[in-house]
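Numbering-wise (numbering that gives the first Met the number 0), the sequence shown opens with residue 0 and increments by one.
Glycine is no exception: its CB is placed at the ideal position from the N, C-alpha and C atoms.
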Amino acid sequence: MGEGYDAVVQDRTATTCLVGIAGPGAAEAAAQHVNEALPPRLPSMHASPFEFHGYRALAIRTSSVGEDGFEFMVAPPVAEHLLGLLEASGVGLAGMGAQEIARIEAGVPAFTPDLETGLTPAEAGLGEVLGLPPDEPERMLSALLFEGTATPPVGTPALADEQVVGELRSCARSFALDASAGLAILNRNRSHPGTPILVGGERALVAQKPLYRRRKM
Numbered sequence: 000m001g002e003g004y005d006a007v008v009q010d011r012t013a014t015t016c017l018v019g020i021a022g023p024g025a026a027e028a029a030a031q032h033v034n035e036a037l038p039p040r041l042p043s044m045h046a047s048p049f050e051f052h053g054y055r056a057l058a059i060r061t062s063s064v065g066e067d068g069f070e071f072m073v074a075p076p077v078a079e080h081l082l083g084l085l086e087a088s089g090v091g092l093a094g095m096g097a098q099e100i101a102r103i104e105a106g107v108p109a110f111t112p113d114l115e116t117g118l119t120p121a122e123a124g125l126g127e128v129l130g131l132p133p134d135e136p137e138r139m140l141s142a143l144l145f146e147g148t149a150t151p152p153v154g155t156p157a158l159a160d161e162q163v164v165g166e167l168r169s170c171a172r173s174f175a176l177d178a179s180a181g182l183a184i185l186n187r188n189r190s191h192p193g194t195p196i197l198v199g200g201e202r203a204l205v206a207q208k209p210l211y212r213r214r215k216m
């Protein structure tokens, strides 16, 4: 910082909760139960402060499950009230485990464990989302669909033709797919859909993202 400027970092982890709404009905639920002005004024990947029942809060238009969504940073009593409103209105509640499975099915990287390895936006497949110039990196974060339901641990080497071609970063059993799904950093020449990969003795195929697509009625 320049001369005359100062900054203070405050840890509010113990006094802050994060509540997320995701899916095709996210905008309608946010407008009906949180703040009707939020959906029209909040574009994707933007944040805005707002007031909820007299309390200050922050809304972020984002989702880690590949669909439209909102995340709300609020105080614990406010989070409890908001969850009660959503549940009473019929919005299904899901825990972190379910969100993690949906995130992997959608092929959306998380900082931990996917991006903390130092991936660039292009390597993570985020270049187009961020409006960056086209790039062809030497490695890619690719989706894997396993033949079975075993979930090898993060960091397990990925093999092709008995050669190490990358490593597994995320993995979870997908109940919708009745198989395990994962995200792995792979050499570019092994990142094409249909490429067979061996991870910890478990066979998988590189697959196109997203691994799971919602059926349209």
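query, result
"Which residue wins for smallest C-alpha separation from Gly165, given the options Leu17, Arg172 and Glu122?", "Glu122"
"From this set, Asp113, Asn34, Phe69 and Thr155, which residue's C-alpha is nearest Met139's C-alpha?", "Asp113"
"What whole-angstrom Cβ distance do Pro76 and Thr14 have, given they're in contact under 8 Å?", "Going by Cβ atoms, the distance from Pro76 to Thr14 rounds to 10 Å, so no, they are not a contact pair."
"Apply the 10 Å Cβ neighbour rule to Glu104 and answer buried if 16 or more other Cβ atoms are within range, or exposed otherwise.", "buried"
"How about Val64 and Arg102: do their beta carbons lie closer than 8 Å?", "yes"
"Exposed or buried, what is Glu201 when buried is set at 16 or more other beta-carbons lying within 10 Å of its beta-carbon?", "buried"
"Indicate the three-state DSSP secondary structure (helix, strand or coil) for Arg11 in the structure shown.", "coil"
"With Val36 as the anchor, note down where its alpha helix (DSSP H) starts and where it stops.", "For clarity, residue 36 is Ala in the given sequence; the question names Val instead. Careful: Ala36 lies outside any alpha helix (DSSP H) and carries neither H nor E."
"Cα separation between Gly117 and Ala30?", "37 Å"
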